[in-house]
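Participant: Note that this note's numbering has the sequence shown beginning at 244, numbered continuously upward.
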Amino acid sequence: MKNKDLKSKKNSTLRKIAEKKLKSLNAPIENLPDLDTRKLAHELQVHQMELEMQNEELKDAQKTIEDSRQQYVDLYDYAPVGYFTVDMVGIIHKANLTLADMLGKTRTSLINKLFGLFIVKEDIDIFYLHLQNIFQHKRADRCELSLKGNREIFAQLDSIYIVESGRGCYCRTAVTDISQRKRLEKEKDELSRYRRMEEQIRDLAKFPNENPNPVLRIAKDCSILYANEAGAPLLKTWNCQPEQPLPDNLCRLIHNILDTGLSLEIEAVCEDTVFCLNLVPVVSAGYVNIYGLDVTERKRMDSEILKLSTAVEQSPCVVVITDVNGNVEYANPKFTELTGYTIDETIGKNLYILKSGRQSQDVYNQLWSAITSGIEWHAELHNKKKNGEYYWEDAYISPIRDANGVITHFVKVAEDITRRKQVEEDLKKHHHQLEDIVDKRTRELKKAYDQLLHSEKLNAIGNLSASIAHEFNNPIFGILNVLERIKSDVPMDQDNMNFVMLAISECDRISKLIRGLNDFHRPSSGKKVLTDINKIIEDV
């Protein structure tokens, strides 16, 4: 709304100015016959005047823009630093004259060329890493590298990430020649080095007396010209004093050194101390300087290192040392024996050559996550030998740190457990077989137990039935005898006789049942006997 008001106000002002100019021209519109025609003519003249005024303003604005653009071009092209614009691949899209002059090229020859072509080979990676940071993080970055031109230029690159509407994303870079600064820094370093050398020379002037290590000077006739205080243990061992000759074996060495003009290094043992003696001839002066160094601790460490090295070389376990990327720098003979890869085939290779494909990638991700965090990692790995045979190893991998605590290497100590894993598999298999046997035998024993229990139950029932049969048998026989006596001796009508006969029949039936109980009690002979089922049914 505000912009609309401003535009309306501007148009009103422009009209007033146009009408004023029109009056000053004394345009002959009053001679027109019709009032509407005169108004229309007036409006057309005013509008024409407005258009002419706007056209003048546009010309002035265009000239201003051209002047500004020319100023920008002049500032861009003739800036004291080089400017260029590249895409994410590193292809140059824009470049100023200063950069072209730096590289000894024309500006047109730079366009659509890779900027990497103008960088010295050793620094190309620096530029592309710098370019990657710009496009990845979308923020300013700085780097220093050397450019190839008429001469090698050490340059500082300051870059920013830009987005050009409708054209895409680019990196705009300012190139500053810092060769002079680098040269001054180098000269400063050289000056510092010379000053240190001067200080060392001054220190050397008082070197012999203050040196904590032995310093001796031996004349051509093998007499001791000079010995500092630290050389006293050597003189004691050689059983001589200053101005006295050295032992014969050392004299032969002195003569040989002066004759050949070649230095010699020997070791001398003084009680518990070992000295490394460097015999340096000064042929022109006719004497030999002896500089001694206490290497007792170094010899002890060398001995310890030798023992450790021998232990590693002869270890029954695999020992491998890699760099921080997992590339092998050392492998002991056990590694070759186990994997089939020779040392030459292994050095410089990554331990991924042993991957069998039978383990999840998560195992290796956990491995790298642990050791790169400084934590020892332990697990069983299923690997593959050079000949394609698979094997198992129990591996410990630990980081190795330098004096500053920075991880520089990894060491792997592993034991071949293929045989143990096979035994474990066999044990599992036998265990399952034993479980099946035990389960089967348990079922058989349970069945036998159930049969035995059933037999004992039947036996108990038989004993009970025998007891019941015995208890019922006597009363039944008594009742039968009474009934038979009544039947024979007591006169009765037919109905009573029928009752007596029914009672006798029931007693017989009970007697048969009792005999059946006795038969249940007695064990079977196992013989098959034909039985008349009909007879049994009739009896029942």
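Idealized CB from N, CA, C, for every residue including glycine.
Bear in mind that the values here come from a model prediction, so they are computed numbers and not experimental data.
Measuring CB to CB, does Val666 end up less than 8 Å from Tyr639?
Facilitator: Start at 1 with the first residue of the sequence shown, and residue 666 comes out as number 423. Start at 1 with the first residue of the sequence shown, and residue 639 comes out as number 396. Not closer than 8 Å, so no.
Participant: Just verifying my parser: in three-state terms, what is the DSSP assignment at Glu632?
Facilitator: The sequence position of residue 632 within the sequence shown is 389, counting from 1. Three-state DSSP puts Glu632 in coil, outside helix and strand.
Participant: Roughly how many angstroms separate the alpha carbons of Ser546 and Arg662, rounded to a whole number?
Facilitator: Counted from its first residue, the sequence shown places residue 546 at position 303. Counted from its first residue, the sequence shown places residue 662 at position 419. Roughly 36 Å between the two C-alpha positions.
Participant: Give the range of the alpha helix (DSSP H) segment to which Phe578 is assigned.
Facilitator: In the sequence shown, counting from the first residue as 1, residue 578 sits at position 335. Segment 576 to 582, the alpha helix (DSSP H) holding Phe578.
Participant: Rounded to whole angstroms, how far is the Cβ of Leu459 from the Cβ of Ala470, which I believe are closer than 8 Å?
Facilitator: Indexing the sequence shown from 1 puts residue 459 at position 216. Indexing the sequence shown from 1 puts residue 470 at position 227. The pair is a contact, with the Cβ atoms about 5 Å apart (cut-off 8 Å).
Participant: If you drop the 5 nearest sequence neighbours on each side, which residues of the same chain put their C-beta closer than 6 Å to that of Val329?
Facilitator: Translated into positions along the sequence shown, residue 329 becomes position 86. So the list reads Ile335, Phe358, Cys414, once near-sequence residues are dropped.
Participant: With the cut-off set at 8 Å, would you say Leu388 and Ile362 are in Cβ contact?
Facilitator: Against the sequence shown, residue 388 aligns to sequence position 145. Against the sequence shown, residue 362 aligns to sequence position 119. Yes, Cβ-Cβ distance for Leu388 and Ile362 is below 8 Å.
Participant: My output table needs one value for Gly325: the three-state DSSP class, helix, strand or coil.
Facilitator: Here residue 325 corresponds to residue number 82 of the sequence shown, with the count starting at 1. In the structure shown, Gly325 sits in a strand (DSSP, three-state: E or B).
Participant: Taking Pro457 as the reference, which of Glu727, Lys425, Glu430, Asn532 has the closest Cα?
Facilitator: For the purposes of this step, residue 457 is taken as residue 214 along the sequence shown, with counting starting at 1. Nearest option by C-alpha distance: Asn532.
Participant: To the nearest angstrom, report how far apart Val526 and Arg543 are at their CA atoms.
Facilitator: Residue numbering aside, residue 526 sits at position 283 when the sequence shown is read from its first letter. Residue numbering aside, residue 543 sits at position 300 when the sequence shown is read from its first letter. Cα-Cα distance, rounded: 35 Å.
Participant: Taking the CB atoms as reference points, tell me whether Asp794 and Arg385 lie closer together than 8 Å.
Facilitator: This structure leaves residue 794 out entirely; the chain is present only between 244 and 783.
Participant: By how many angstroms is the C-alpha of Lys364 removed from the C-alpha of Ser641?
Facilitator: For the purposes of this step, residue 641 is taken as residue 398 along the sequence shown, with counting starting at 1. For the purposes of this step, residue 364 is taken as residue 121 along the sequence shown, with counting starting at 1. Each residue's alpha carbon lies about 37 Å from the other.
Participant: Roughly how many angstroms lie between the CA atoms of Leu536 and Leu489, to the nearest whole one?
Facilitator: For the purposes of this step, residue 536 is taken as the residue at position 293 of the sequence shown. For the purposes of this step, residue 489 is taken as the residue at position 246 of the sequence shown. Distance between the alpha carbons of Leu536 and Leu489: 19 Å.
Participant: Could you name the residues of the same chain whose beta carbon sits closer than 8 Å to that of Pro323, not counting the 5 residues immediately before and after it, in chain order?
Facilitator: Within the sequence shown, residue 323 is the residue found at index 80, counting from 1. Here the set comprises Thr341.
Participant: If you compare alpha carbons, which of Asn339, His380, Leu294, Lys348 is closest to Met331?
Facilitator: Numbered from 1 along the sequence shown, position 88 holds the residue referred to as residue 331. Selected option, being the one with the closest Cα: His380.
Participant: Could you tell me whether the segment 586 to 594 touches the segment 566 to 574, using the rule of 3 or more Cβ pairs below 8 Å?
Facilitator: They touch, by the three-pair rule.
Participant: Whole angstroms are fine: how far does the CA of Ala473 sit from the CA of Asn454?
Facilitator: Numbered from its first residue, the sequence shown carries residue 454 at position 211. Numbered from its first residue, the sequence shown carries residue 473 at position 230. C-alpha separation (whole angstroms): 7 Å.
Participant: Residue range of the beta strand (DSSP E) that Ala338 falls in?
Facilitator: For the purposes of this step, residue 338 is taken as the residue at position 95 of the sequence shown. Taken as a continuous stretch (DSSP letters only), the beta strand (DSSP E) holding Ala338 covers 335 to 338.
Participant: I think Ala528 touches Leu477, with their Cβ atoms under 8 Å apart; what is that distance to the nearest whole Å?
Facilitator: Residue mapping note: residue 528 aligns to position 285 of the sequence shown, counting from 1. Residue mapping note: residue 477 aligns to position 234 of the sequence shown, counting from 1. Actually they are not in contact, since the Cβ atoms of Ala528 and Leu477 sit about 21 Å apart, beyond 8 Å.
Participant: Within 10 angstroms of the Cβ of Cys465, are there 16 or more other Cβ atoms? Answer buried if so, exposed if not.
Facilitator: On the sequence shown, residue 465 is found 222 positions in, with the first residue counted as 1. Classification for Cys465: buried.
Participant: Look at the Cβ atom of Glu508, then the Cβ atom of Cys494, and state whether they are nearer than 8 Å.
Facilitator: Sequence index remark: in the sequence shown, residue 508 carries index 265 (1-based). Sequence index remark: in the sequence shown, residue 494 carries index 251 (1-based). Cβ distance not < 8 Å, so Glu508 and Cys494 don't count as in contact.
Participant: With H, G and I counted as helix, E and B as strand and the rest as coil, what does DSSP make of Ile590?
Facilitator: In the sequence shown, residue 590 corresponds to position 347, counting from 1. If DSSP states are grouped into helix, strand and coil, Ile590 belongs with coil.
Participant: Compute the Euclidean distance between the alpha carbons of Val202 and Lys672, then round it to the nearest angstrom.
Facilitator: This structure gives no information on residue 202, because the portion of the chain shown stretches from 244 to 783.
Participant: Return the chain-ordered list of same chain residues with a C-beta closer than 6 Å to the C-beta of Gly569, the five sequence neighbours on each side being excluded.
Facilitator: Position 326 of the sequence shown, counted from the start, is the residue given in the question as residue 569. Asn593, Leu594, listed in sequence order.
Participant: Using the rule of at least 16 other Cβ atoms within 10 Å of the residue's Cβ for burial, across every protein chain shown, is Phe578 buried or exposed?
Facilitator: Translated into positions along the sequence shown, residue 578 becomes position 335. By the 10 Å Cβ count, Phe578 comes out buried.
Participant: What would DSSP say about Pro734, mapped onto helix, strand or coil?
Facilitator: Translated into the one-based positions of the sequence shown, residue 734 becomes position 491. Coil, per DSSP.
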